[in-house]
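Participant:
There are 2 protein chains.
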Amino acid sequence: MTASSAPVRQSSVRAHNLALVLQTVANRADQPSRAAIATFTGLTRATVSALVDDLIAGGLLVELDPPPRTGAGRPAAGLALSPDGPAGLGLEINVDYLAACVVDLAGTVRHRAVRPTSPAAALHDLGLLAGEVAAAASRDGLTLAGAALAVPGLVTPSGIVRVAPNLGWQDLDAPAVLGAMPGLTGLPISVDNEANLAALGELLSRSDTPTFLYVSGEVGIGAGIVLDGALYRGGRGWSGEIGHVTVYPDGRPCRCGANGCLEQYAGQSQVASDPALAASALGIALSAVVNLLDIGVIVLGGAYAPVFDQLRDGIEAELRLRVLTAGLSPVVLRPAVLGADAAMRGAADTVVREVRENPAAWLAPAS
Amino acid sequence: MTASSAPVRQSSVRAHNLALVLQTVANRADQPSRAAIATFTGLTRATVSALVDDLIAGGLLVELDPPPRTGAGRPAAGLALSPDGPAGLGLEINVDYLAACVVDLAGTVRHRAVRPTSPAAALHDLGLLAGEVAAAASRDGLTLAGAALAVPGLVTPSGIVRVAPNLGWQDLDAPAVLGAMPGLTGLPISVDNEANLAALGELLSRSDTPTFLYVSGEVGIGAGIVLDGALYRGGRGWSGEIGHVTVYPDGRPCRCGANGCLEQYAGQSQVASDPALAASALGIALSAVVNLLDIGVIVLGGAYAPVFDQLRDGIEAELRLRVLTAGLSPVVLRPAVLGADAAMRGAADTVVREVRENPAAWLAPAS
């Protein structure tokens, strides 16, 4: 029975169970057999077997060689996410560099490329880079399930970049532009804020920390707020603009029109020229975040990650001074696990996660 | 069949359906009949009738006189939340005043008392006030289902007040203290931050605004963050400490040990002596909130509500200057609907809401 020919209720049960089986394999490190999946999910062995067959046929699962026979009976073959099935293309565009990677269904980075650019050439260069990486994925036998782009700016839910001041973009229909690039034609394309995607990348790498603030220092500064394992996007999707939190109300003029924004004290170039001032300004703004949101973990990413040790003491001094609850429960500060790769990894992972969460949609056209 | 004698699954279905019927009556303005409730809920008329009988017997619903006969057939009697059933006692303790109210199941304030106090006498005075209001409720035929106390401080989920600096409290087991007060013995008692409860009170009064920041100006300043109709409490329940967001990093010393906290510029006495400075400081701190959380509605409550017109222009000027997305979508600023009553109303409503959401627990002891 295919998803499209089944009545709605039946098809949605099948979709649910396909996802359940796929997630069970994804979340376990022990390459479970069909029988083990039946035990974990509560589904019958016959149901599991039929679903597993569909997932193997659709290129989402692979059956591993059974272990050597050690006693009576035939050892059961284990199952794993397919390394040759659908993959996600993650793209990041920034003021001075572009990045692209391909992540397979199992979460492995299969291709990765980073290259310098300039705001004027960025879109053209991104097209070339995306085409190259897509071609490499294709040579590798991977099928791209979609592409996601990380942008340092305000993005609407449909992917329109309302403003990306450091790129000089305004009201750019980024999905349409990307969709016209060679190698990306016909692919589902999503666009999101780079700090949001970097925060998601970090979340996937450190599943033990479901609530944290991710701060991404580049030319501009953005933040991704992760609460209970989910990104908090805000009413219009424009949360996390920590770069424009006021640190010194009568301070340096910012290109946004205000004075004393964090970005004027802790942007990439300010960190290089005066790390002590940058750390103090970051500490003041981060104290506001903790006082408001009661978040216990702060992750420094982007350009902050490699200079974490230079910033740490200065930030922590401000947190101790300014966070009302610092004495009751200190704030943990740590560098991003993925470093500068976080945003493109987060982007690619959103594509892969969509397949994992809704495998029926991936299988439907083929069934 | 009573809740306690039924098997677990059956009893939980009954509990679910009791809540469904009660909420249906609560959420509709048209005093639906049993037949109408059956239509709205999809339950059979016989099931609805049995559940309604239990809810009437338990004092949660009342049957209204049927309207005059207008044609053939007997007009159906409408149902409404009982004004004589369980009620909630809401209490608020603050530096210079105490407040108490009793709210019935239908949400009507049945008793209300506000009286001045001092930090030294506050707990003693609260005991007297709570006893008086509880006695008045009892004379009125109401049964208190519980009490909730609003405190200007950091409260743990179990109701321990870790710190309430303006009251001089530290690690106070507030539920135990309240439980020993005459009139409150044996009642379920909960304790929460006053800005959180005020935000909940405001949410109940303005259901058209599910996401907003509530700022409560008293001697101290607190905030309640309401996202998609639910209070965001933070990792340890200590979110919303906007009074200690830094406005001027090298500014006035605060009793928390830091410099330049909002509380030093926009606390109750500062608003009275220099409303322009208070408005500007509030605007700077609120801009940080909007930049971080992308919240489009800010509600000014407590001591801010009566002087809203004096503060508005100064706050809005800072928001226009400092909120990155102000040009794309302006922030709405408005005074609290409930004014200074918000926290005690929110407290009483938490008790009533608990009964509405879980009527089976209320009926169980009597059945």
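Sequence lines, in order, name chains A and B.
FYI, in our numbering the residues of the first sequence are 1 to 367.
FYI, in our numbering the residues of the second sequence are 1001 to 1367.
Cβ atoms here follow ideal geometry from the backbone N, Cα and C, with glycine treated the same way.
1. Check S216 (chain A) in the structure and name its three-state DSSP category.
2. For D1171 (chain B), which of B:L1178, B:R1162, B:V1177 has the nearest alpha-carbon?
3. With contact counted as at least three CB pairs below 8 Å, one residue from each stretch, are the region 287-297 of chain A and the region 209-216 of chain A in contact?
4. Spell out whether any CB of chain B is found under 8 Å from the CB atom of G296 (chain A).
5. Can you list, in chain order, the residues of its chain with a C-beta nearer than 8 Å to that of D250 (chain A)? Leave out the 5 residues immediately preceding and following it.
6. On the CB-based measure, 16 or more other CB atoms within 10 Å of its CB, does P32 (chain A) come out buried or exposed?
7. Flag P275 (chain A) as yes if its beta-carbon sits less than 8 Å from any beta-carbon of chain B, otherwise no.
8. What are the residues of the region 258-275 of chain A that lie near chain B, defined by any Cβ-Cβ distance shorter than 7 Å?
9. Pairs of beta-carbons, one from the region 150-170 of chain A and one from the region 307-314 of chain A, closer than 8 Å: are there three or more?
10. Using alpha carbons as the reference points, say which of A:V21, A:T350, A:T41 lies closest to L197 (chain A).
11. What does L292 (chain A) touch in chain B if you count any residue whose Cβ is under 8 Å from its own?
12. Measure from the alpha carbon of L1043 (chain B) to the alpha carbon of each residue in B:N1017, B:D1030, B:Q1023, then state which is nearest.
13. Return helix, strand or coil for E1354 (chain B), following the three-state DSSP convention.
14. Taking only runs of the alpha helix (DSSP H) that begin and end inside the region 244-295 of chain A, which ones reach a length of at least 4 residues, in chain order?
15. Rounded C-beta distance between W362 (chain A) and P86 (chain A)? I'm assuming under 8 Å.
16. At a CB distance below 7 Å, what residues from the region 311-330 of chain A approach chain B? Give them in sequence order.
17. So which of B:E1318, B:S1049, B:Y1232, B:A1122 has the shortest CA-CA distance to A1278 (chain B)?
18. Where does T1024 (chain B) land, buried or exposed, given buried means 16+ other C-beta within 10 angstroms?
19. Between D104 (chain A) and the rest of its own chain, which residues show a CB-CB distance below 6 Å, the 5 nearest in sequence each way excluded?
20. With a threshold of 8 Å between beta-carbons, can Y1097 (chain B) be considered close to chain A, or not?
21. In the DSSP assignment, the alpha helix (DSSP H) including G1201 (chain B) goes from what residue to what residue?
22. Taking the alpha carbon of A1122 (chain B) as the reference point, which residue from B:E1357, B:A1106, B:A1100, B:I1242 has its own alpha carbon closest?
23. Counting only beta-carbon separations shorter than 8 Å, does T211 (chain A) have a partner in chain B?
24. Report the rounded CA-to-CA distance for P1188 (chain B) versus A1145 (chain B), giving the unit in angstroms.
25. Alpha carbon to alpha carbon, how far is G59 (chain A) from A78 (chain A)? Give it in angstroms, no decimals.
26. Note down the Cα distance separating A1038 (chain B) from A1029 (chain B), rounded to an integer number of angstroms.
27. Any C-beta of chain B sitting closer than 8 Å to the C-beta of R252 (chain A)?
28. Could you check which residue in B:Y1304, B:W1238, B:V1290, B:I1284 has the C-alpha nearest to that of S1269 (chain B)?
29. For the region 154-184 of chain A, enumerate the residues whose C-beta is nearer than 8 Å to any C-beta of chain B, in chain order.
30. By Cβ distance below 7 Å, which residues in the same chain neighbour S1205 (chain B) in space, the five residues on each side in sequence not counted?
31. What first and last residue would you give for the beta strand (DSSP E) that runs through V1332 (chain B)?
32. Taking 8 Å as the CB-CB limit, is E1152 (chain B) close to chain A?
33. Checking contacts by CB at 8 Å: is H16 (chain A) closer than that to chain B?
34. Could you list which residues in chain A have their beta carbon closer than 7 Å to that of Y1248 (chain B), in chain order?
35. Quick check: A1368 (chain B) and E1132 (chain B), are their CB atoms within less than 8 Å of each other?
36. Near A1150 (chain B), what residues of its chain come up, given a Cβ to Cβ distance below 6 Å and the 5 sequence neighbours on each side ignored?
Facilitator: The short version:
1. strand
2. B:R1162
3. yes
4. yes
5. N259, G260
6. buried
7. no
8. A258
9. no
10. A:T350
11. A1223, I1225, S1239, G1240, E1241, I1242, V1245, A1288, V1289, L1292, L1293
12. B:N1017
13. helix
14. 263-266, 268-273, 275-293
15. 6 Å
16. L321, R322, L324, T325, L328, S329
17. B:E1318
18. buried
19. P83, A87, R110
20. no
21. 1194-1205
22. B:A1100
23. yes
24. 7 Å
25. The displayed chain sequence assigns Gly, not Ala, to residue 78 (chain A). C-alpha separation (whole angstroms): 16 Å.
26. 16 Å
27. no
28. B:Y1304
29. L154, R162, V163
30. V1337, L1338
31. 1332-1335
32. It is worth fixing the name first, because residue 1152 (chain B) is Pro in this sequence and not Glu. So, not an interface residue.
33. no
34. P249
35. The displayed coordinates of chain B run from 1001 to 1367. Any statement about residue 1368 (chain B) would go beyond what the structure contains.
36. E1092, E1194, L1197, A1343, A1347
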